[in-house]
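What follows is a set of notes on a single structure, which appears directly below.
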Amino acid sequence: MLGNCMTNVREKGPLVHNITNYVTVNDVANILLACGASPIMSDEPEDVEDITSICGGLNINIGTLNKRSIEGMFLAGRKANELGHVLLLDPVGAGASALRTDTAVRLMEELRFDVIRGNISEIKTLALGSGTTKGVDADIADAVTEESLDGAVAFAKDFAKKAGCIAAITGAIDLVSDGEQCYVIRNGRPEMGRITGTGCQLSGMMTAFVTANPENKLPAAAAAVCAMGLAGELGYARMQEGDGNSTYRNRIIDAVYHMDAAVLEKGAKYEVR
Amino acid sequence: MLGNCMTNVREKGPLVHNITNYVTVNDVANILLACGASPIMSDEPEDVEDITSICGGLNINIGTLNKRSIEGMFLAGRKANELGHVLLLDPVGAGASALRTDTAVRLMEELRFDVIRGNISEIKTLALGSGTTKGVDADIADAVTEESLDGAVAFAKDFAKKAGCIAAITGAIDLVSDGEQCYVIRNGRPEMGRITGTGCQLSGMMTAFVTANPENKLPAAAAAVCAMGLAGELGYARMQEGDGNSTYRNRIIDAVYHMDAAVLEKGAKYEVR
Amino acid sequence: MLGNCMTNVREKGPLVHNITNYVTVNDVANILLACGASPIMSDEPEDVEDITSICGGLNINIGTLNKRSIEGMFLAGRKANELGHVLLLDPVGAGASALRTDTAVRLMEELRFDVIRGNISEIKTLALGSGTTKGVDADIADAVTEESLDGAVAFAKDFAKKAGCIAAITGAIDLVSDGEQCYVIRNGRPEMGRITGTGCQLSGMMTAFVTANPENKLPAAAAAVCAMGLAGELGYARMQEGDGNSTYRNRIIDAVYHMDAAVLEKGAKYEVR
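The following block contains the structure:
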């Protein structure tokens, strides 16, 4: 199933509109091309509705938000909803500033997202801020580990159910839930955290996967997580002496470029709870 | 001749002002440095006239345009015209949104460009929008191939003549025309399309080539196209097992870094019609 | 001492807020991660105060300034001053436009910087514009070489004393002075000038080094300069036939990633005057 999701991306080549931060945008574009999709970037309010109209999915990332791009996020998001396009939110830094938290919560309230993808801290912030939880339980730790896994899975399901979308919570262990099922994914390497933007790249790629698999959004989102983590493993295996995080960044995107359904099926490490 | 154009870039080291998108801007800067030129980026209306005044050429790319940067494009463009600097337009996404089409057409109307460089779809949009054609002929295909070449060459010449500048239409086969002659260029590799920004990089480099060769603008623009395509070929030859589009991006810029007149002369594949 | 400064960065992992240009921002983020620090980027006036509050240092780089980000620089800078955070200015292009010169001078006047880092031309512009010098002496050459070194060291000390901060003047020979002492550093390679953003990367890394070494700001700033230059040497030693400036960029960041106190101590080439 996960392999099929990747094949559909390569065969359909979805066009993905990204309103994303200027830090990692180049890598987002290249990983979208690597997986067989096509990227377009536009954040100007007067431009975004036209651009999103010709795409299949919209990836909203608030990493370097500003007032102009926030307006663009709402306009593009409403248009994407109107057209039934796939819509993903990456609430970068929610919890780190009032503007980021408020913007992410307002986006959740005013738009229908197919997926919200962030780390546990960001998703907890959204759970609290959007009233989808009555306070975040103390037993939801700040990192998803084997020890905290049961509580985290329950939290992911609960958040997904109340937010009405797929929740993708990524970290050492990744969780992808639609409220009923929860994929628990153990691909990836800790060194990926030393590269800027692996999360942003995943959000872009996940938008493409979900767009190309409208009937299977949950496995598609999980497939994107597995593909990113597996690329981290395969890219790391190609590292040579002296290679560091900058070269690792290239090798991860390269690994996505060469990944096919069979490689993904074989390398994906997950269970469904 | 084409080799000389590159030598002049390396010897004169032109300073190029780029008002360009934030997706591929880093690669544009590095390829300008690779070919012997120097980049400066500035898009703030209050800053652009001073910056363009100390440069030799101005590269306007509308890839992630916004209202502020559009104002900067007009201010910088008028100053560049006033000073007789080389001016290039890369109408990224013309045809994909009203704002992009309108901005590109208005830029064409209000400024005198030395070169307009885009893909066939963008240039057809400009031909239609600027009234330089009475409707785009049905026989101008959406890709320049050996089959559609004759019509495309005629279109390139016609567009260049009516727009009063060099038209560089890039794709599987590249066309560079000043209205009289048309370089038909067959360098490059299809895998270049899987890297974000090879077109943006070419526009930056082409601005440098034309700036360094004011008496030979047409061959200079053609030389930049050949150099980019040849770098794609040379870079591809250095790809190792497992390398993908991210590494390919580096190898293309690296190939420009090492390219000299002799390599370009030997590797350029073109005919003049 | 310099090695200890690097160890402190790796052990403390300072969070650095960067208001920087969109040309080189990705490399700035990756080099901060490579040296053991963490980057956050934010330039929206409504966002910057919250973001800088959770960081330890703030790196202000005016490379692609605009009116919005300039407002963000002042707001964030005042907050950083209020909180006693490390504050660094990289006056990219001061002297190249009135807006850049004026902005840099106003930042110097209204904020207390710990470090100002630029090339000799930019620092001379600031010396003149801020009234910290009565005209720049004719004997301060436009490049710091062995021949012009004595005058340049005197200038660096004088600028640092009058500006009330550390001055880091980088070029073929680098100078880092607090007004009393001046580190004269001879690490680095000329080929680094063919990569966009090595200066921006250094400013980011220097902010991390000074933040992690509050009791030893001068040696910490010097250590960052040595680390960057040494990474340029180590990265160059790993270049293979055909590698150019794009690959070199990766290798420099990779070299920082693997650098530790012992490597830095052994490779740093400096004297204190």
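Those protein sequence lines, which keep their order, are chains A, B and C.
Throughout the first sequence, residue numbering follows the numbering used here, covering 2 to 274 in sequence.
Throughout the second sequence, residue numbering follows the numbering used here, covering 2 to 274 in sequence.
Throughout the third sequence, residue numbering follows the numbering used here, covering 2 to 274 in sequence.
The beta carbon of each residue, even a glycine, is placed where N, CA and C say it ideally should be.
A quick note: this is a predicted structure, and the numbers were derived from the prediction, not measured.
Give the DSSP-derived three-state secondary structure of residue i in the structure shown.
i, result
"HIS86/B", "coil"
"ARG11/B", "helix"
"ASP159/C", "helix"
"GLU272/B", "strand"
"ASP91/C", "strand"
"ALA168/C", "strand"
"ASP151/A", "helix"
"ASP175/C", "strand"
"CYS227/B", "helix"
"ASN246/B", "helix"
"ARG195/B", "helix"
"ARG69/A", "helix"
"ARG187/A", "coil"
"VAL240/B", "The sequence shown places Met at residue 240/B, rather than the Val named in the question. MET240/B falls in the coil class under three-state DSSP."
"ASN62/B", "strand"
"LEU100/A", "helix"
"LEU16/C", "strand"
With a 10 Å radius around its C-beta and 16 neighbouring C-beta atoms as the bar for buried, classify residue i as buried or exposed.
i, result
"ILE63/A", "buried"
"LYS158/A", "buried"
"ASN147/A", "Inspection of the sequence shows that residue 147/A is occupied by Glu rather than by Asn. Exposed."
"VAL273/C", "exposed"
"ILE196/B", "buried"
"ALA225/A", "buried"
"MET109/A", "buried"
"GLY1/C", "Coverage of chain C is limited to positions 2 through 274, which leaves residue 1/C absent and any answer about it impossible."
"GLN241/A", "exposed"
"LYS267/C", "exposed"
"ASP115/C", "buried"
"MET7/C", "buried"
"LYS270/B", "exposed"
"GLY200/B", "buried"
"GLU12/A", "exposed"
"GLY85/A", "exposed"
"GLY136/A", "Here the model assigns GLY136/A a pLDDT of 49, short of 50, so the residue's position is not dependable, and the following value carries that caveat. Exposed: under 16 other Cβ atoms inside 10 Å."
"ILE32/C", "buried"
Once you ignore the five residues that flank residue i on each side, which residues in its own chain have a CB closer than 6 Å to its CB?
i, result
"ASP44/B", "ILE20, SER70 and GLY73"
"THR53/C", "HIS18, LEU59, ALA77, LYS80 and ALA81"
"GLU50/B", "LEU76 and LYS80"
"LEU235/A", "ALA256"
"GLY165/A", "none"
"CYS183/A", "VAL154, ALA157, LYS158, LEU176 and ARG274"
"GLY119/A", "PRO92"
"ARG252/C", "GLY236 and ARG239"
"ASP28/A", "GLY198 and GLN202"
"HIS259/A", "none"
"ASP261/A", "none"
Can you find the residues in the same chain that come closer than 7 Å, C-beta to C-beta, to residue i, ignoring five residues on each side of it along the sequence?
i, result
"VAL10/C", "CYS36, GLY37, ALA38, ALA209, PHE210 and ALA213"
"GLY14/A", "GLY37, ALA38 and SER39"
"ASP143/B", "ILE121 and SER122"
"ASP179/C", "ALA161, ILE167 and LEU219"
State yes or no: is the C-beta of residue i within less than 8 Å of the C-beta of residue j?
i, j, result
"MET207/C", "ALA222/C", "yes"
"VAL154/A", "LEU129/A", "no"
"VAL145/B", "ALA173/B", "yes"
"ALA263/C", "GLY4/C", "yes"
"GLY233/A", "GLY189/A", "yes"
"ILE121/B", "ILE170/B", "yes"
"LEU88/A", "LEU127/A", "no"
"GLY245/C", "ILE254/B", "yes"
"SER204/B", "ASP48/A", "no"
"GLU181/C", "TYR249/C", "no"
Quick one: residues in its chain with C-beta nearer than 8 Å to the C-beta of residue i, no 5 flanking neighbours on either side, listed in chain order?
i, result
"THR65/B", "ASN22, TYR23 and VAL24"
"LEU100/A", "LEU66"
Can you pull out the residues from the stretch 81 to 113 of chain A whose beta carbon lies closer than 8 Å to at least one beta carbon of chain C? GLY94, ALA97, SER98, ALA99, LEU100 and ARG101
Short-range partners of chain B found in the stretch 58 to 70 of chain C, where Cβ spacing is below 7 Å: Along the stretch 58 to 70 of chain C, the positions whose C-beta sits under 7 Å from a C-beta of chain B are THR65, LEU66, ASN67 and LYS68, read in chain order.
Near-chain A residues of the stretch 6 to 23 of chain B - C-beta to any C-beta below 8 Å: ASN22 and TYR23
Would you list, in chain order, the members of the stretch 38 to 58 of chain C that have their beta-carbon closer than 9 Å to a beta-carbon of chain A? PRO40, ILE41, MET42, SER43, ASP44, GLU45, PRO46, GLU47, ASP48, VAL49, GLU50, ASP51, ILE52, SER54 and ILE55
Closer than 8 Å, Cβ to any Cβ of chain A: which residues of the stretch 224 to 253 of chain B, in chain order? Residues GLY243, ASP244, GLY245, ASN246, SER247, THR248, ARG250 and ASN251.
Residues within the stretch 177 to 201 of chain A neighbouring chain C, beta-carbon criterion of under 9 Å: Listed in sequence order: GLY194, ARG195, ILE196, THR197 and GLY198.
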